[in-house]
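Position in the sequence shown (first residue = 1) + 2 = my numbering. Positions of the beta carbon are idealized from the N, C-alpha and C atoms, including for glycine. One structure is given here, and the rest of the page talks about it.
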Amino acid sequence: MAQDDRYSMSAEKYLTKHNILVYLEDAVTQLLEHREENSKVNSVKFLTDYFSSVRDGNHTMFREYSFIHSTPHNRASFVRLFWKCYRQIGKKGDLLSIQEYHSLLGLISPDFPFDVVKKTARIILIDDALDCLISFSDFIYAFQAQLYYEEFLEKCSAKYQSLLQSFCSPRDPVVVPTSGSEEATVHQSSGQRSEDVDSMHFFRAIYPLCDRIEYSSPPISSLKEILFNVPRISFYGFLISIAKSESINAHIGRLPPKMELLEGGDTELTS
Numbered sequence: 003m004a005q006d007d008r009y010s011m012s013a014e015k016y017l018t019k020h021n022i023l024v025y026l027e028d029a030v031t032q033l034l035e036h037r038e039e040n041s042k043v044n045s046v047k048f049l050t051d052y053f054s055s056v057r058d059g060n061h062t063m064f065r066e067y068s069f070i071h072s073t074p075h076n077r078a079s080f081v082r083l084f085w086k087c088y089r090q091i092g093k094k095g096d097l098l099s100i101q102e103y104h105s106l107l108g109l110i111s112p113d114f115p116f117d118v119v120k121k122t123a124r125i126i127l128i129d130d131a132l133d134c135l136i137s138f139s140d141f142i143y144a145f146q147a148q149l150y151y152e153e154f155l156e157k158c159s160a161k162y163q164s165l166l167q168s169f170c171s172p173r174d175p176v177v178v179p180t181s182g183s184e185e186a187t188v189h190q191s192s193g194q195r196s197e198d199v200d201s202m203h204f205f206r207a208i209y210p211l212c213d214r215i216e217y218s219s220p221p222i223s224s225l226k227e228i229l230f231n232v233p234r235i236s237f238y239g240f241l242i243s244i245a246k247s248e249s250i251n252a253h254i255g256r257l258p259p260k261m262e263l264l265e266g267g268d269t270e271l272t273s
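The following block contains the structure:
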C-alpha cells in the first residue's frame with residue numbers, strides 16, 4: 003500500500019481501494035467459526051495473526067475461490083502460493099495438461115474453477131490445441147495475467163471485437179509481438195487467431211479502462227510498450243504480450259522475473 007494513499011483520498015475511497023472491509027468481515031467470520039470449535043480462543047491474538055497473514059500474503063491456502071477472487075491482493079497472493087507449492091515441476095521440466103494444472107490448483111483451493119484454467123490455456127495455445135501440454139513457466143505467467151486482470155481482459159476483448167467489426171479487413175497481416183525482442187512475427191490472416199486491429203485504435207479504445215478502482219489493470223506505460231511498437235495486433239498477441247511483460251510482472255510484484263523463476267532452493271510457504 004502506498005504511504006501517501008491515506009492522505010491523497012477520502013477514507014471511504016481508501017477503504018474501497020484496499021478492500022479493508024472484505025478483510026474485516028472475513029476476520030470476524032473466521033474468528034466466530036474458531037470460537038465454535040474452541041471457546042477459549044484469544045481474539046486479539048487470532049486477529050493479529052490473521053492480519054499478519056494477510057499482510058504477508060500467506061492467507062489464501064485452502065480458501066474458497068470466492069475469497070481468492072475477492073481482492074487483487076488475494077489473487078496475486080494465490081499466484082505466488084501456486085508458484086511456491088509447485089515450482090519443482092518447472093525445475094524438472096515437466097509438461098502438464100490443463101486438467102493436471104487444474105488438479106494441482108484444486109489441492110490448494112478445492113473449488114477452483116476449471117474455466118479459469120481454460121482461459122489461461124487460451125493465452126498460450128490456440129483453441130483447437132487445448133489438449134497440448136504446457137510448461138510451468140508458460141502457465142504461471144499466463145495464469146497470473148488471467149487471474150489478476152480478469153475483468154480488464156474481458157473489457158478489452160469487448161473493445162477489440164467492436165474494433166474488429168468496424169475496421170478489420172480479413173486480408174490484413176497479423177503482427178504478434180515476441181517477448182524480449184524488437185522483432186515481430188507476421189502471419190497472413192486465415193482464421194480466428196489471425197484477425198487483428200490497428201494498435202493505436204486499440205490503445206485509444208482501452209485507455210479509458212485503465213486506472214479504475216473497480217478492477218486491476220496493467221500500467222499504461224506497459225500497454226504503450228506493447229501497442230506502440232507494432233502497427234497492428236491480434237487479441238491473442240495482446241494477451242501473450244501481457245503475460246510475458248516483465249514490467250507488468252514487476253508491477254504485480256509477486257513472481258520473480260522469468261530468468262529467475264526456477265533459481266535458488268525451495269521457498270518456505272510462509273516466506
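Ile242 and Ile250 have their C-alpha atoms spaced approximately 12 Å apart. In the three-state DSSP reduction, Ile110 falls in the helix class (H, G or I).
In the DSSP annotation of this structure, Asp133 is not part of any alpha helix (DSSP H), being labelled neither H nor E. Shown here, Val24 sits in a helix according to DSSP, grouped into three states. Sequence-distant partners of Tyr150 (beyond 5 residues in either direction) whose C-beta falls short of 8 Å from its own C-beta, in its chain, are Pro74, Arg77, Ala78, Val81, Ser218, Ile254.
Shown here, Asp200 sits in a strand according to DSSP, grouped into three states.
Looking at the DSSP output, Leu241 bridges to nothing. Check the Cα spacing between Ser99 and each of Asp28, Trp85, Lys86, Thr122: the tightest is with Thr122.
Bounds of the alpha helix (DSSP H) holding Glu248 are 248 to 254. In this structure, DSSP gives Leu263 a state outside helix and strand, which the three-state scheme calls coil. Assignment of Ile228 by DSSP, reduced to helix, strand and coil, places it in the helix class. Sixteen is the threshold: since fewer than 16 other Cβ atoms of the shown chains lie within 10 Å of the Cβ of Leu97, the residue is exposed. The shortest CA-to-CA distance from Leu83 to any of Tyr103, Glu102, Asn60 is the one to Asn60. Non-local beta-carbon contacts of Ser72 in its own chain, meaning distances under 6 Å to residues more than five positions away in sequence, involve Val24 in chain order.
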